[in-house]
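Peer 1: Just so we're on the same page, the numbering used here is the position in the sequence shown counted from 1, plus 1451. We put the beta carbon where it would ideally sit given N, CA and C, even for glycine.
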Amino acid sequence: MSLLSDLININLSDTTKKVIVEYIWYGIEPEYTLLQKDVQWPLGWSIGGFPGPQGPYYCGIGANKAFGRDIVDSHFKACLYADINITGINAEVMPGQWEFRVGPSLASLRVTTCGLLATFWSTKSMRNDGGYEVIRKATAKLEKRHKEHIAAYGEGNERRLTGQHETADINTFIRGVANRGASIRVGRDAEKAGKGYLRRIGGLRLTWTLMWLLP
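#1: If we ignore side chains and look at the alpha-carbon of each, how far apart do Trp1549 and Thr1484 end up?
#2: Could you spell out the range, first to last residue, of the alpha helix (DSSP H) harbouring Ile1522?
#3: Distance, Cα to Cα, Leu1486 vs Arg1631?
#4: Which residues in the same chain as Leu1612 place their Cβ atom closer than 6 Å to its Cβ, once the five residues preceding and following it in sequence are excluded?
#5: How big is the Cα-Cα spacing for Trp1496 and Ile1512?
#6: Who does Glu1482 pair with in a DSSP beta bridge?
#7: Excluding the five sequence neighbours on either side, which residues of its own chain have a C-beta within less than 6 Å of the C-beta of Glu1642, listed in chain order?
#8: Should the stretch 1594-1601 be regarded as contacting the stretch 1568-1585, the criterion being three or more beta carbon pairs within less than 8 Å?
#9: Out of Ala1644, Phe1624, Leu1649, Gly1645, which has the shortest C-alpha to C-alpha gap to Arg1636?
#10: Pull up the DSSP beta-bridge partners for Arg1626, would you.
#11: By Cβ distance, which residues of its chain are closer than 8 Å to Asp1465, with the 5 residues on each side in sequence left out?
#12: How close, in whole Å, do the beta carbons of Thr1538 and Gly1554 come, if the pair is a contact with beta carbons under 8 Å?
#13: Kindly give me the distance between the Cβ atoms of Arg1552 and Gly1647, rounded to whole angstroms, as I take these residues to be in contact under 8 Å.
#14: Using only alpha-carbon positions, find the residue among Ala1514, Lys1516, Asn1541 that is nearest to His1526.
#15: Using the three-state DSSP reduction, which class does Asp1620 fall into: helix, strand or coil?
#16: Among Lys1528, Ala1529, Asp1524, Arg1520, which has the Cα closest to the Cα of Gly1547?
#17: Among Leu1494, Thr1623, Val1470, which has the Cα closest to the Cα of Ile1522?
#18: At which residues does the beta strand (DSSP E) containing Ala1517 begin and terminate?
#19: Under DSSP, the beta strand (DSSP E) around Thr1538 begins and ends at which residues?
#20: What would DSSP say about Thr1574, mapped onto helix, strand or coil?
#21: Hey, Tyr1474 and Phe1571 are a contact pair by Cβ (cut 8 Å); roughly how many whole angstroms apart?
#22: Please work out which residues of its chain come closer than 6 Å, Cβ to Cβ, to Gly1614, disregarding the five sequence neighbours upstream and downstream, and give them in chain order.
#23: Can you tell me whether Leu1593 is helix, strand or coil according to DSSP?
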């Protein structure tokens, strides 16, 4: 399918029925970095300098490890006040970097999110008993299209997806449980329960399609 006309003329009636039955949920996890106003340098970094090695900052506490928590807490409370389904916040691996999670929400046929983030995804089959096997099959299908998906995520991801600093390698598809270097990660809770959700770590542009329908 290379022409726009091919996409316009595709019949999605059967696919749509399958999607409705699956009652898809998704959650998004945007990440952001707080910058010092006058110098445009990350909060918690010395001006023109760099922080110490990663390790103590992820989910860190303390004035010398978590920078900007007052801003993050205010944002969290504002989301609650606005009745936004925010489910958590935490400091990330770099000083001044934070993330928040929104969801789960109902998904439509296709979910497209822009910016740097991770997406949590599940279908009704994944959440039901025996769902872990559905998750396994879905990740196997994603592996078959890994290069196509990477190409669709936009330019410049080779600078981020290096396989270092808790990122996946852009050229290698890895699926794992609680593996922060995996392309597709499944939580310990899902493994233990035998059902749940999967998490896709994407690049500058993350596009989801119906994974269980891929050949």
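Peer 2: The relevant details are as follows:
#1: 6 Å
#2: Following the DSSP letters along the chain, one finds Ile1522 inside the alpha helix (DSSP H) bounded by residues 1520-1532.
#3: 25 Å
#4: Thr1618, Ala1619, Ile1621
#5: 16 Å
#6: Glu1550
#7: Val1628
#8: Counting C-beta pairs with one atom in each stretch, the stretch 1594-1601 and the stretch 1568-1585 have fewer than three that are closer than 8 Å, which means they do not touch.
#9: Leu1649
#10: Ile1635
#11: none
#12: 7 Å
#13: Between Gly1647 and Arg1552 the Cβ distance is about 15 Å, and since that is not below 8 Å, they are no contact.
#14: Asn1541
#15: strand
#16: Of Lys1528, Ala1529, Asp1524, Arg1520, the residue nearest in Cα terms is Arg1520.
#17: Measuring from the Cα of Ile1522, the nearest candidate turns out to be Leu1494.
#18: No beta strand (DSSP E) contains Ala1517, which DSSP labels as neither H nor E.
#19: 1537-1542
#20: coil
#21: The beta-carbon separation of Tyr1474 and Phe1571, rounded to 15 Å, does not stay under the 8 Å limit for a contact.
#22: Asp1620
#23: helix
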